[in-house]
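Numbering (this note's numbering), first residue to last: -10 to 194.
Here is the structure we will look at.
This is the structure in structure tokens:
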């Protein structure tokens, strides 16, 4: 029985992280816009933290309403111990294409998103060397990608520390095999943006 204790503790820890994730989603207003078990995305209505001009000319100012895209962790393809390989990338790409079609249809019919001109998400990868490949994959889907600004204030750095730690916990809970041999300090982030016009043009019905 004692040999099973580490596994039992790990299982309990993962269940706790999943429960915590569900609670934080509710508090943050993150919701499921699709009932498709293959949908990889959740959505929230948020406000931009930055001024940005997207590649199609769409201009977003800090404070403007935006759609916040979040991964639906329970639906993500499982990674192996080597992380996201080619097979995983193909499955993710196809899943994202289908999910973005559903997103386009949803926001065109929900009045809450009538004034939203762009959609934003934060992407985390296990090491900085993975950023170019991940960025290229998302750009093929129509996203603009951008390195986040490094916070200068201690409060910003403190926030980033906890965001990275929580992201690591989520990976441990939902994609545990992918963390073998990886170090949390090597976690890298970047932003992805897509304008409403680009989303509807590419993925609209």
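Beta carbons are placed, not taken as given, at the ideal position from N, Cα and C, and that holds for glycine.
None of these values were measured; they are calculated from a predicted model.
- Query: Should residue 96 go down as buried or exposed, given a rule of 16 or more other Cβ atoms within 10 Å for buried?
  - Reply: buried
- Query: Going by other Cβ atoms of all chains shown within 10 Å of its Cβ, with 16 needed for buried, is residue 133 buried or exposed?
  - Reply: buried
- In chain order, which continuous runs of the alpha helix (DSSP H) of length 4 or greater are located wholly inside the region 138 to 190? Whole alpha helix (DSSP H) segments, 4+ residues: 143 to 163.
- Message: Mapping the DSSP letters down to three states, classify residue 105 as helix, strand or coil.
- Response: coil
- Message: Quick test of your reading: residue 126 and residue 78, contact by CB under 8 angstroms. State the CB separation rounded to the nearest angstrom.
- Response: 6 angstroms
- Message: Suppose the cutoff is 8 angstroms on Cβ atoms and the five residues either side in sequence are ignored; what does the same chain contact list for residue -10 look like?
- Response: Low confidence applies here, because residue -10 scores a pLDDT of 45, under 50, leaving its location unreliable and the question unanswered by this model.
- Item | 7 angstroms Cβ shell around residue 157 - same chain, five flanking residues per side excluded | Excluding the 5 residues flanking it on each side, residue 157 has same chain C-beta neighbours closer than 7 angstroms at 173 and 176, in chain order.
- Looking at C-alpha atoms only, which residue of 39, 162 and 191 is the closest neighbour of residue 138? 39
- Task: Within 10 angstroms of the Cβ of residue 12, are there 16 or more other Cβ atoms? Answer buried if so, exposed if not.
- Result: exposed
- Message: Here's the rule I'm using: 16 or more other beta-carbon atoms within 10 Å means buried, otherwise exposed. How should residue 109 be labelled?
- Response: buried
- Run of the beta strand (DSSP E) containing residue 89, from where it starts to where it stops: Bounds of any beta strand (DSSP E) do not take in residue 89; it lies within the alpha helix (DSSP H) bounded by 75 to 96.
- Task: Measure the Cβ-Cβ separation of residue 59 and residue 33 and say whether it is below 8 angstroms.
- Result: yes
- Message: Contact defined as beta carbons within less than 8 angstroms: I believe residue 102 pairs with residue 56. What is the distance between those atoms, to the nearest angstrom?
- Response: 6 angstroms
- Which residues bound the beta strand (DSSP E) around residue 126? Here residue 126 belongs to no beta strand (DSSP E); instead the alpha helix (DSSP H) covers 120 to 129.
- Item | CA-to-CA distance, residue 184 to residue 115, given in whole angstroms | Each residue's alpha carbon lies about 27 angstroms from the other.
- Query: For residue 45, which of helix, strand or coil comes out of DSSP?
  - Reply: coil
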